[in-house]
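Heads up: the structure comes next, in structure tokens.
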DNA sequence: ATGTGC
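Take a look at the structure:
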């Protein structure tokens with residue numbers, strides 16, 4: 001099914017579409033639109049193989065929940081949040097000491113916690129010391145979150161401390177990835193055919209991509225450290241797994257679009273929602289046959305726009321959306337985000353993990369329940385940050401003093 | 001997804 005490398009045919013869609021492997025059962029909730037997008041992706045220039053996971057759902061430039069092997073680089077498939085991922089941390093706080101409301105009140109202001117020496121942290125990560133420094137340690141919007149969790153159940157034969165608290169951070173490269181995406185789109189008129197990896201544009205994107213991946217990983221670490229400061233706890237990294245990136249393999253470039261990049265034996269979080277547990281799994285040898293990928297979460301069931309017709313029509317409805325069945329709460333002051341990110345918008349992560357396990361890709365290690373989910377707090381933090389930057393804080397103080 | 005917009 002090959003087009004020869006270097007010939008002009010590599011710039012046109014393959015006559016023979018790439019093979020699509022579907023890692024989900026008949027019972028999995030998969031939208032027809034996502035399946036259609038898979039077919040389109042299989043015809044993109046240079047694409048050799050596609051693996052689709054049980055959290056599959058439609059995306060802007062192609063389905064999400066996919067690993068795709070290609071001879072060419074497709075920045076559109078990766079999108080703007082280059083390096084986005086899930087990181088799980090253990091806190092040195094025992095579950096028995098937790099008071100949900102108190103923890104929620106503390107977490108609410110976590111983004112106001114000072115980052116000691118952001119420049120040094122960026123340099124340690126091999127990045128320029130000023131690179132999007134002001135966005136470091138922030139969660140962002142959309143499906144991103146920082147969630148305090150407790151172990152619900154540890155799988156038989158697995159040693160995992162179920163008396164501690166955990167923190168699951170889902171975030172990415174914020175404005176940095178967005179700027180890389182935008183400059184790529186504006187400078188490359190025919191991006192739908194992807195980029196030649198040895199062209200200047202290809203090399204520029206790959207280099208920027210690598211920085212985004214490093215920045216996003218550091219961002220999750222700093223989100224966790226700030227949350228730890230707010231809660232009075234040390235954080236210990238357990239897993240740091242990106243799901244929006246490109247990895248180089250012997251067969252080409254493996255594009256992960258919402259598909260966790262794992263190696264056999266590695267621990268990886270599979271995020272639930274406020275209505276279903278999150279899972280910690282161990283990647284099996286089987287992942288090598290799945291382009292080194294697994295699902296990263298439950299996956300969307302309904303698109304954002306359609307959620308407005310489904311939930312949160314009354315005030316009490318919307319308040320209910322901030323509570324979960326385990327006595328946990330969500331911090332989300334953005335009314336639209338409450339509706340778009342309601343638990344009902346997501347599939348059950350348990351079904352996703354069951355499909356992955358049945359395919360021999362993972363073994364379950366533990367399940368975790370949501371206690372405090374930080375999505376978005378009122379603009380206080382942003383306002384404070386802007387003021388500090390533009391020197392308005394002093395003015396505000398004076399103003400306050402006059403009252 | 002986004003210093004999310006003029």
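Numbering (full-length UniProt numbering), first residue to last: 1 to 403.
We put the beta carbon where it would ideally sit given N, CA and C, even for glycine.
With contacts defined by Cβ atoms closer than 8 Å, residue 268 and residue 87 do not form a contacting pair. CA-CA distance, residue 45 to residue 71, rounds to 8 Å.
In this structure residue 168 does not touch residue 276 by the C-beta definition: roughly 13 Å separates them, more than the 8 Å allowed. Around the beta-carbon of residue 27, fewer than 16 other beta-carbon atoms lie within 10 Å, marking it exposed. In the structure shown, residue 247 adopts extended strand secondary structure according to DSSP, grouped into three states.
Fully contained in the stretch 280–318 are the following beta strand (DSSP E) runs of length 3 or more, in chain order: 293–295. Under DSSP, residue 236 shares a beta bridge with 90. DSSP lists 149 as the bridge partner or partners of residue 370.
Under the three-state reduction of DSSP, residue 184 is assigned to helix.
Sequence-distant partners of residue 251 (beyond 5 residues in either direction) whose C-beta falls short of 7 Å from its own C-beta, in its chain, are 48, 69. Taking residue 130 as the centre and dropping the five residues before and after it, the same chain places the C-beta of 119, 122 closer than 8 Å to its C-beta, in chain order. Closest in C-alpha terms to residue 347, from the list 104, 204, 295, 136, comes 295.
When rounded, the separation of the alpha-carbon atoms in residue 230 and residue 176 is 26 Å. In the three-state DSSP reduction, residue 260 falls in the strand class (E or B).
The beta carbons of residue 214 and residue 125 sit closer together than 8 Å.
A direct Cα-to-Cα measurement between residue 184 and residue 75 gives close to 8 Å.
Residue 137 carries a coil assignment under DSSP once its states are collapsed to helix, strand and coil. Contact annotation: residue 158 and residue 362 have beta-carbon atoms that are not nearer than 8 Å. The C-alpha of residue 62 is placed about 12 Å away from the C-alpha of residue 52. Collapsing the DSSP output to three states places residue 375 in a strand. Residue 300 sits away from residue 85, with the two beta carbons spaced by 8 Å or more. Annotated three-state conformation of residue 55 is strand, per DSSP.
Taken through DSSP and simplified to helix, strand or coil, residue 272 comes out as coil.
Taking the Cα of residue 260 as reference, the smallest distance to any Cα among 78, 39, 316 is reached at 78. For residue 328, the three-state secondary structure derived from DSSP is coil.
Only exposed fits residue 249, as fewer than 16 other CB atoms lie within 10 angstroms of its CB.
Classified as exposed, residue 308 has fewer than 16 neighbouring CB atoms from the shown chains inside 10 Å of its CB.
A straight line joining the alpha-carbon of residue 330 with that of residue 172 spans about 20 Å. Contact between the stretch 99–119 and the stretch 184–193 is absent: fewer than 3 CB-CB pairs across the two stretches fall below 8 Å. Note on geometry: alpha-carbon atoms of residue 65 and residue 37 lie some 12 Å from one another. Relative to the Cα of residue 264, the nearest Cα in the group 283, 373, 17, 89 belongs to 283.
Contact between residue 100 and residue 54 does not hold, since their C-beta atoms are separated by about 31 Å, which reaches or exceeds 8 Å. Rounded to the nearest angstrom, the gap between the Cα atoms of residue 328 and residue 376 is 16 Å.
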